[in-house]
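All remarks here apply to the structure that follows.
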Amino acid sequence: MIHYDPHHWWRYLFKLRGGILREIVGRLGMFVVWAVAVVWFHKNVRHVDVPATGHTLAGTVLSLLLVFRTNSSYDRFWEGRKLWGGIVNETRNLVRAAALNISSVELVRRLAAWTAVYPFALTRVLRSGGDDLGPAAAVLPRAEIDQILNARNAALAVAMRMSAILAEARRAGLISDIIQMELDRNVQLLIDYQGGCERIVRTPMPFAYMLHLRRTLILFVLGLPFALVEPFGWATVPVILLIAHTFLGIEEIGVEIEEPFGTEDNDLPLEDISGGIARILDDLVPWNNQVIDSPALSYPGGPVPKEPPPVA
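In this note's numbering, the protein residues as written are 18 to 329.
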């Protein structure tokens, strides 16, 4: 994501990074060439102008379709940001409450480290790849980190370890059943937010709507020179360029923000959010620059505990 100051109007006006010009320049070139051909044909072969009424009505309908497209995409973008805002809050709530209720420093530190890993693991799930599990991965056992990287759903595997730590604290008599349930509710909410993010990734805009909108847009711009050639003459070409840039740009913005968890300039800064979570949790319960020797976790699929060596 590009951070900018909206008060500086002219500073960003000619910047290409973060804009949509590079994505639509090929289509703009095609429409400009078509407009030049129509104007030349009209002036040198035969008149091909048509009344502008039809394009006026079609332009109104097309504008409504583009507005709906952009609004739908921005709803997905903003929902994704709200979901990650919830992840930020719940990670803080979990570690804060655990630090006040669990008297074992080792368990709380381990919980904080795994909680710091969670947003990075979720990023890996949403982007279908990536090996970065954040700074906390360096202090946790390498065998367990490898298990996370090999899991089908890395974020869910991390959440299992977080819940297992809470269960371990209850078995040790450090917290009651009720406190465990309350703490684990934060983990449950993290999984709920994860499900919301996965819903956005796995449910694109309906194909029929996308296809119909693009077909309508192409037909509108291709037919527009015939409505403008008589009153505008060669000025039709820059007018077509301006209108095509506006309409194609709006449609491309919808495409850009439709899936907000990618790595493009206008996507959500998941790495920054995840890093911010890790830093805050390290302030609450310091785990960084410390080796956390996590024992085997007692849940299905967890590491198998090693048998103690035989007594001589």
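Note that beta-carbon positions come from the ideal geometry of N, C-alpha and C, so glycine has one too.
Here the structure is a predicted model, which means the values were calculated and not measured.
Original post:
Which word fits E268, buried or exposed, when buried means at least 16 other C-beta atoms lie within 10 angstroms of its C-beta?
Top reply: Your numbering for residue 268 matches position 251 in the sequence shown. Counting Cβ neighbours within 10 Å, E268 comes out buried, since at least 16 surround it.
Original post:
Going straight from the alpha carbon of T220 to that of L259, what length do you get?
Top reply: The residue you call residue 220 lines up with position 203 of the sequence shown. The residue you call residue 259 lines up with position 242 of the sequence shown. When rounded, the distance between both Cα atoms is 33 Å.
Subject >> C-alpha gap between D194 and F278, whole angstroms >> reply: On the sequence shown, position 177 is the one that residue 194 refers to. On the sequence shown, position 261 is the one that residue 278 refers to. Near 37 Å, if we compare the C-alpha coordinates of F278 and D194.
**OP:** Could you check what DSSP says for S291 in three-state terms: helix, strand or coil?
**Re:** The residue labelled residue 291 in the question sits at position 274 within the sequence shown. If DSSP states are grouped into helix, strand and coil, S291 belongs with the helices.
Original post:
Does DSSP put M222 in a helix, in a strand, or in coil?
Top reply: As a position in the sequence shown, residue 222 is number 205, starting the count at 1. The answer is coil: DSSP assigns M222 none of H, G, I, E or B.
Subject >> Among R188, A130 and A181, the one whose alpha carbon lies nearest that of P303 >> reply: As a first step, residue 303 is located in the sequence shown; it is residue number 286 there, counting from the start. Taking only the C-alpha atoms, the option nearest P303 is A130.
Subject >> Terminal residues of the alpha helix (DSSP H) in which L74 lies >> reply: The count along the sequence shown starts at 1 and reaches residue 74 at position 57. Segment T70 to N118, the alpha helix (DSSP H) holding L74.
Original post:
Buried or exposed: E324, going by 16 or more other Cβ atoms within 10 Å of its Cβ?
Top reply: Working through the sequence shown from its first residue, we reach residue 324 at position 307. Reliability of the predicted coordinates at E324 is poor, the pLDDT of 48 falling under 50, and no value is obtained from them.
Original post:
So is Y210 buried or exposed if we call it buried at 16+ other beta carbons inside 10 Å?
Top reply: Start at 1 with the first residue of the sequence shown, and residue 210 comes out as number 193. Y210 is buried by the Cβ-count criterion.
Subject >> Three-pair Cβ contact test at 8 Å for the stretch 77-89 versus the stretch 223-235 >> reply: yes
**OP:** Report the three-state DSSP secondary structure of P303 (helix, strand or coil).
**Re:** To locate residue 303, count along the sequence shown from 1; it is residue 286. Coil, per DSSP.
**OP:** Report yes or no: is there a C-beta of chain B within less than 9 Å of the C-beta of P248?
**Re:** The chain labelled as chain B is not found in the depicted structure, where only one protein chain is given.
**OP:** Have a look at H20, L239, G36 and V53 and flag the residue whose alpha-carbon is nearest the alpha-carbon of V254.
**Re:** What you label residue 254 is simply residue 237 of the sequence shown in a count that begins at 1. The shortest C-alpha separation from V254 is found at V53.
Subject >> Limits of the alpha helix (DSSP H) - the one that V42 falls within >> reply: The count along the sequence shown starts at 1 and reaches residue 42 at position 25. L38 to N61 is the span of the alpha helix (DSSP H), which, as asked, contains V42.
Original post:
Comparing alpha-carbon positions, which option in G146, R127, L74 and R34 lies nearest E161?
Top reply: Counting from one through the sequence shown, the residue named residue 161 turns up at place 144. Of the listed residues, the one whose Cα sits closest to E161 is R127.
Original post:
From G240 to M222, what does the alpha carbon distance come to, in whole angstroms?
Top reply: For the purposes of this step, residue 240 is identified with residue 223 of the sequence shown, where counting begins at 1. For the purposes of this step, residue 222 is identified with residue 205 of the sequence shown, where counting begins at 1. If I take the Cα positions, the gap works out to 27 Å.
Original post:
Rounded C-beta distance between A295 and A153? I'm assuming under 8 Å.
Top reply: The residue labelled residue 295 in the question sits at position 278 within the sequence shown. The residue labelled residue 153 in the question sits at position 136 within the sequence shown. Contact between A295 and A153 holds, with the beta-carbon distance rounding to 6 Å and staying under 8 Å.
Subject >> Unbroken alpha helix (DSSP H) run spanning V175, endpoints >> reply: Taking the sequence shown and counting its residues from 1, the one referred to as residue 175 is at position 158. Residues A171 to R188.
Subject >> Residue from Q205, L139 and I235 with nearest C-alpha to F264 >> reply: As a position in the sequence shown, residue 264 is number 247, starting the count at 1. Nearest of Q205, L139 and I235 to F264, Cα basis: I235.
Subject >> Same chain, Cβ closer than 8 Å to R44, five either side skipped, listed in chain order >> reply: For the purposes of this step, residue 44 is identified with residue 27 of the sequence shown, where counting begins at 1. A261 and L265.
Subject >> Residue nearest to I41 in terms of C-alpha spacing, selected from R98, V272 and N283 >> reply: As a first step, residue 41 is located in the sequence shown; it is residue number 24 there, counting from the start. Measuring from the Cα of I41, the nearest candidate turns out to be V272.
**OP:** Look at the alpha carbon of R216 and the alpha carbon of A116, and state the distance between them as a whole number of angstroms.
**Re:** As a working mapping, residue 216 is identified with position 199 in the sequence shown. As a working mapping, residue 116 is identified with position 99 in the sequence shown. Distance between the alpha carbons of R216 and A116 is about 32 Å.
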